[in-house]
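K.L.:
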Amino acid sequence: MECLDVRIVGRDAHETPSLKPYPNGATAPEAGGKLPADRMLVKNVPGREEMAPDVTNDTGARIGELVRQRQADLSLAERKLARVLLASYPIAGLESVARFAERAGVSAPTVTRFITKLGFRGYPEFQEQLRQEVQARLSSPLARYHEEEPKGASSLVSGALEVSRRNLQATLQLLSHHDVEEVVQQLSDVRRRVLVLGGRLSGPLARYLAGQLHLLRPGIGLVDTERTAATQQLIDMRKGDVLVVFDYRRYQSDTIESARLVAGQGVNVVLFTDPWLSPASAFARQVVVTSVETVGPFDSLVGATAVLEAIVAAVLARLGPRAQSRMQSLEQLSASAVIGAGDQ
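Start counting the sequence shown at 180; every next residue gets the next number (the working numbering).
1) Buried or exposed: where does E328 fall if 16 or more other Cβ atoms within 10 Å of its Cβ makes it buried?
2) Applying the criterion that 16 or more other CB atoms from any shown protein chain within 10 Å of the CB defines a buried residue, is V246 buried or exposed?
3) Go to T452, then tell me how far its beta strand (DSSP E) extends in each direction, as first and last residue.
4) Output the residue ranges of the beta strand (DSSP E) runs that lie fully inside the region 359-431 and measure 3 residues or longer, sorted by chain position.
5) Between the region 459-468 and the region 355-371, can you find at least three pairs of beta-carbon atoms closer than 8 Å?
6) So what's Q511 in DSSP terms, helix, strand or just coil?
7) How would you call V336, buried or exposed, if buried means at least 16 neighbouring beta carbons within 10 angstroms?
8) Quick one, are the C-beta atoms of F425 and G482 less than 7 Å apart?
9) Evaluate D420 with the Cβ neighbour count: other Cβ atoms within 10 Å of its Cβ, from every protein chain shown; 16 or more gives buried, anything less gives exposed.
10) Distance check for V474 and E361, CA to CA, integer angstroms please.
11) Within the chosen definition, does the region 422-440 reach the region 384-393 through at least 3 CB pairs nearer than 8 Å?
12) Kindly indicate which three-state DSSP category V466 falls into: helix, strand or coil?
13) Between S470 and P454, which are expected to be in contact by the criterion C-beta below 8 Å, what is the C-beta distance as a whole number of angstroms?
14) Residue range of the alpha helix (DSSP H) that E257 falls in?
15) With H, G and I counted as helix, E and B as strand and the rest as coil, what does DSSP make of Q250?
16) Under 6 Å Cβ to Cβ from H393, same chain only, skipping five residues before and after it: list those, please.
17) Using only alpha-carbon positions, find the residue among L413, V290 and E341 that is nearest to I435.
18) Helix, strand or coil for L495 per DSSP?
19) Just reading off the alpha helix (DSSP H) that E274 is part of, what are its end residues?
20) Give me the Cα-Cα distance between L450 and V375, rounded to the nearest whole angstrom.
21) Check whether the region 244-264 and the region 281-288 touch, using three or more Cβ-Cβ pairs below 8 Å as the test.
22) Let me make sure I understand the geometry here. Which of R429, S432 and S460 has the alpha-carbon closest to that of A442?
23) Within its chain, find whatever has a CB closer than 6 Å to the CB of S457; leave out the 5 residues flanking it on each side and keep chain order.
24) Can you tell me which of the three DSSP states D478 falls into?
25) Determine the burial state of S504: buried for a count of at least 16 other Cβ atoms within 10 Å of its Cβ, exposed for fewer.
26) Hey, L512 and A502: beta-carbon distance below 7 Å or not?
27) Given a threshold of 16 other Cβ atoms within 10 Å of its Cβ, counted over all protein chains shown, does K418 qualify as buried or as exposed?
28) With 16 other CB atoms within 10 Å as the buried threshold, where does S479 fall?
The following block contains the structure:
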């Protein structure tokens, strides 16, 4: 397993600044002092009055959270950087500008603009903040605290359930709420045709999403995984249509090629993938990253399933009476085929 050697530079790890009381009882460093590792100040960009007030690096206001808060202000290229950073946090941001840009498939100047929009004066300041976060994590008593294993945790079932719980927590941290909101908007627009494409591992996810959306709105299709049939379905997609793609390790070349093909036709590609990001992310406008941690040899789909359930619920809420009317019609049509349906 590759390990990351993170060195904290430019600050004595044991340095304690002198503090003065704020009027509200909080504390601030003396002039020339430094903020503690877990309270580093992230300053706003001059002239960006619409941006939120200065925030400190406490729980909920670290760079990762800052990126999520600023998603709506980012360009498409900058959002690619945001995805890479959040998917490999904080490692991606501790690499060189060139490597960070290469990971996201953007230019070095785009990295500079991205960092500026986050409120930093430059890449060195951004990286120093990340190092401070790493140091805070390493020195935090909470981070060193190991929860007592629940009774029966040695069993495979209990262990697997615990991993699933962590999966859901990690997925929540990985999600771009801006991208998820756009996905809901796209899937709720009945003027758009929506096709769903899964792979070897993610086929059940694709079938679930296509099946649920079909109950709520027209124009939903599941792409046949047989190559020739898939090509015939995808070639007829038009500008404005939506292709939802699922691609998890090991990434499938035919899935990536499908995303590239339809993106060139003006189709909006929505990608569900893991934290390492499928190469199909280069062609996607929205990327939904979910944790895949597992106790076995196969990646877990727990996080992705939970996100899909939430998205379907949001689409249902947005479509409202239209979806309810369609569900009622479908239920009436299929009632005769359901044992025990009874009279309605």
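Where a beta carbon is used, it is the ideal one built from N, C-alpha and C, also for glycine.
P.N.:
Per the coordinate set shown:
1) Note that E328 scores 48 on pLDDT, short of 50, meaning its location in the model is unreliable and no value can be drawn from it.
2) By the C-beta density criterion, V246 is buried, having at least 16 other C-beta atoms within 10 angstroms.
3) Per DSSP, the unbroken beta strand (DSSP E) holding T452 starts and ends at N447 to T452.
4) Secondary structure in the region 359-431: the beta strand (DSSP E) runs of 3 residues or longer, each lying completely within the stretch, are 373-376, 399-401 and 421-425 in chain order.
5) Verdict: yes, contact present.
6) Helix at Q511.
7) Exposed, because fewer than 16 other Cβ atoms sit within 10 Å of the Cβ of V336.
8) Result no, Cβ atoms of F425 and G482 do not sit closer than 7 Å.
9) Burial check for D420: the Cβ neighbour count within 10 Å reaches 16 or more, so the residue is buried.
10) CA-CA distance, E361 to V474, rounds to 33 Å.
11) Taking 8 Å as the limit for Cβ pairs, the verdict is that the region 384-393 does touch the region 422-440.
12) In the structure shown, V466 adopts extended strand secondary structure according to DSSP, grouped into three states.
13) The pair is a contact, with the Cβ atoms about 7 Å apart (cut-off 8 Å).
14) Boundaries of the alpha helix (DSSP H) harbouring E257: L255 to A266, taken from the DSSP string.
15) Correct three-state label for Q250: helix.
16) Contacts found: I399.
17) When C-alpha distances from I435 are compared across L413, V290 and E341, the shortest belongs to L413.
18) In this structure, DSSP gives L495 a helical state, which the three-state scheme calls helix.
19) Per DSSP, E274 is not a residue of any alpha helix (DSSP H), being assigned neither H nor E.
20) Rounded to the nearest angstrom, the gap between the Cα atoms of L450 and V375 is 10 Å.
21) Of all C-beta pairs linking the region 244-264 to the region 281-288, three or more are shorter than 8 Å, placing the two stretches in contact.
22) Measuring from the Cα of A442, the nearest candidate turns out to be S460.
23) Contacts found: D426 and Y430.
24) Three-state DSSP puts D478 in coil, outside helix and strand.
25) Burial call: exposed.
26) No, Cβ-Cβ distance for L512 and A502 is not below 7 Å.
27) Sixteen is the threshold: since fewer than 16 other Cβ atoms of the shown chains lie within 10 Å of the Cβ of K418, the residue is exposed.
28) By the C-beta density criterion, S479 is buried, having at least 16 other C-beta atoms within 10 angstroms.
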